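For the sequence shown, the positions run -28 to -1, 1 to 274 when mature numbering (1 follows the signal peptide of the UniProt record, and there is no 0) is used.
Virtual Cβ for every residue (Gly too), placed ideally from N, Cα, C.
Here the structure is a predicted model, which means the values were calculated and not measured.
Have a look at the structure below before the remarks.
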Amino acid sequence: MKKMILRLLLTVSLILVGATSSVWTASAAEPSVNLTAPQWTGNSFTFLALPADKQAAGYEIFGVDQAEQGFQGDRTLRLSYANHVGKEVTVTNIVSFPAGNNQNEYMVYMTANDTGEKLVGRTMRGQLEGLVLTADLVNARQQFLGKTIYPKYRELTGAYDPGSYAIATSISTPIGGPAAVVDVYAGNQSQDPIWLIVTVNGEKAILPIAYSYTNVSVNTWTQSPPWQDALFMEDPRLAFGWSQEVWNAIESSIVEEGMTKEQIRLSWGKPNSIEGNGTNWIYGSKKLNFSGDVLQSLETIE
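Shown next, in the form of C-alpha cells:
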C-alpha cells in the first residue's frame, strides 16, 4: 500500500511539474525571508557541507527518475556529496501530501543550476536537510562580513574545514565580547546553516547562525530574526548600561532575583520551556517566576 501511495504521489507530482514548467523561468526570485515550504518555488538553494561522518551517505535527495526507490530506503541512490556540495539548485515546484496528525509535508522538485539535473527531495517537519536559501547566504555576507559583532556565548568552536575529521578546539570569549567577522560561508547543519568566521583574541572561530527561518522547522520560528539568538550587533556593555556586578553574574552563570529576562538568557541560555504566558521559565529543576520582565523568585521543582 505504501509503495502504491508513493508511486501515485510521484506520478501526480511529475504531472504538475510538467504542467507548470512552461511558465517557470530560470530568473532568480527576489530575495525573501521566512519562506514556508509552499513559497519556495522559484528560489535558489545551495547544498551545505556535510559533517565528515555523513559524506559517504550523501544527500537524501534523488534524481526524479530514481525517487520512488530512493524514498523507499535505497541509500545508494542518494545524491553524492562530492558532486553537489556548494552547488545551487532552483526549486521548480512544491507538492503537498498528508503526513499524519493533520500535518502536511512536501515533495520539493528542483533543477541543478549548472547541469539541469532534475531532482526531488521530501521535507520532514517542513525542512529539507542539506540546503540553505542562497539569498540568506548572500544577505548574511552583506550584513556581517567585515563587521564587529558580539556573540552571546562563552565559548566558540575553533575554525576548521567543515568536511574534515579534525577535532575542533574551543575558544573562550566573554559573553558579548567583540569578534570581527572575516568570512561567511555555508556550514554543515541545516538548523544553523551559515557560518560566520570570526577572530577572537587573534584566533579564528565559528559562529553558526540561521539568517532567516526559511528551511528551518516551523515550530522554532519567532518574531525576531534567528541570528539575534546568537549575537548582538552593538556592544551590549554600552547599549544596556548594566552594572559590572550584573556582567560578573552573567559570566559566572549566576541567576538571581531582580535580573531581567535578557540577562537571564545570557547567563543560562534559552529556557527548557515557558509557561504562564511568559511568567514562568523552566530550566531543569529550577522554575523562575517573573513579574513583567523582572525575576521575582526562583524555586526548585521535581
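Do you know how far the Cα of Gln161 is from the Cα of Ala29?
Taking the first residue of the sequence shown as position 1, residue 29 is located at position 57. Taking the first residue of the sequence shown as position 1, residue 161 is located at position 189. Cα to Cα, Ala29 sits roughly 15 Å from Gln161.
Check the DSSP bridge columns for Glu247 and list the partner residues they point to.
As a working mapping, residue 247 is identified with position 275 in the sequence shown. DSSP output for Glu247 lists Asn252 as bridge partner(s).
Of the residues Phe19, Ile121, Thr129 and Pro243, the one placed nearest Gly149, counting alpha carbons only
On the sequence shown, position 177 is the one that residue 149 refers to. For the residues Phe19, Ile121, Thr129 and Pro243, the minimum Cα distance to Gly149 belongs to Ile121.
Please report how far the alpha carbon of Ala177 lies from the alpha carbon of Trp167, in whole angstroms.
Counted from its first residue, the sequence shown places residue 177 at position 205. Counted from its first residue, the sequence shown places residue 167 at position 195. In a straight line, the C-alpha of Ala177 is about 10 Å away from that of Trp167.
Alpha carbon to alpha carbon, how far is Thr272 from Thr251?
Walking along the sequence shown from the start, residue 272 turns up at place 300. Walking along the sequence shown from the start, residue 251 turns up at place 279. Those two C-alpha atoms are separated by around 16 Å.
In three-state DSSP terms, what is Lys124?
Residue 124 sits at position 152 when you count from the first residue of the sequence shown. Coil at Lys124, not helix or strand.
Would you mind stating whether Leu7 and Thr186 have Cβ atoms separated by less than 9 Å?
As a working note, residue 7 is residue 35 in the sequence shown. As a working note, residue 186 is residue 214 in the sequence shown. Taking 9 Å as the Cβ cut-off, Leu7 and Thr186 qualify as a contacting pair.
Under 6 Å Cβ to Cβ from Thr(-4), same chain only, skipping five residues before and after it: list those, please.
As a working note, residue -4 is residue 25 in the sequence shown. Here Thr(-4) scores only 31 on pLDDT, less than 50, and its place in the model should not be relied on; the value that follows carries that caveat. There are no such residues.
For Ser(-2), collect the residues of the same chain with a Cβ closer than 7 Å to its Cβ; drop the 5 residues on either side in sequence, then sort them by chain order.
Here residue -2 refers to the residue found at position 27 when the sequence shown is read from its first residue. The pLDDT assigned to Ser(-2) is 35, lower than 50, so where the model puts this residue is not dependable; a value taken from the coordinates is nonetheless given after this. There are no such residues.
Can you give me the start and stop residues for the alpha helix (DSSP H) that Ile33 sits inside?
Counted from its first residue, the sequence shown places residue 33 at position 61. Careful: Ile33 lies outside any alpha helix (DSSP H), inside the beta strand (DSSP E) at Ile33 to Gly35.
Span of the alpha helix (DSSP H) around Ser233:
Mapped onto the sequence shown, residue 233 falls at position 261. According to the sequence as given, residue 233 is Lys; it is not Ser. Looking at the DSSP string, the run of the alpha helix (DSSP H) that includes Lys233 is Lys233 to Trp240.
Compare the beta carbon distance of Phe19 and Val57 with 9 Å and say whether it is the shorter of the two.
Position 47 of the sequence shown, counted from the start, is the residue given in the question as residue 19. Position 85 of the sequence shown, counted from the start, is the residue given in the question as residue 57. It is a contact, given that the beta carbons lie within the stated cut-off.
Counting pairs of beta carbons, one from the stretch 110 to 125 and one from the stretch 26 to 42, are three or more of them closer than 8 Å?
no
Ignore the nearest five residues each way along the sequence and tell me which others in Val218's own chain have a CB closer than 8 Å to its CB.
Numbered from 1 along the sequence shown, position 246 holds the residue referred to as residue 218. These residues qualify, in order along the chain: Met231 and Gln235.
Looking at the structure shown, is Asn111 part of a helix, part of a strand, or coil, going by DSSP?
Taking the first residue of the sequence shown as position 1, residue 111 is located at position 139. If DSSP states are grouped into helix, strand and coil, Asn111 belongs with the helices.
8 Å Cβ shell around Asn261 - same chain, five flanking residues per side excluded:
Position 289 of the sequence shown, counting from 1, holds the residue named residue 261. Excluding residues within five positions, the ones whose Cβ falls inside 8 Å are Thr251, Asn252, Leu267, Gln268, Ser269, Leu270 and Glu271.
Do three or more CB pairs link the stretch 31 to 43 to the stretch 88 to 99 at distances below 8 Å?
yes
CB-CB under 7 Å to Glu2, same chain, minus the five flanking residues each way: which ones, in chain order?
As a working mapping, residue 2 is identified with position 30 in the sequence shown. Any reading at Glu2 must be qualified, since the residue scores a pLDDT of 42, below 50, and its modelled position is unreliable; the value itself is stated next. Result list for Glu2: empty, nothing under 7 Å.
Note down the Cα distance separating Pro197 from Val156, rounded to an integer number of angstroms.
Translated into the one-based positions of the sequence shown, residue 197 becomes position 225. Translated into the one-based positions of the sequence shown, residue 156 becomes position 184. Computed Cα separation, rounded: 17 Å.
Between which two residues does the alpha helix (DSSP H) harbouring Trp219 extend?
Within the sequence shown, residue 219 is the residue found at index 247, counting from 1. Its alpha helix (DSSP H) spans residues Gln216 to Glu223.
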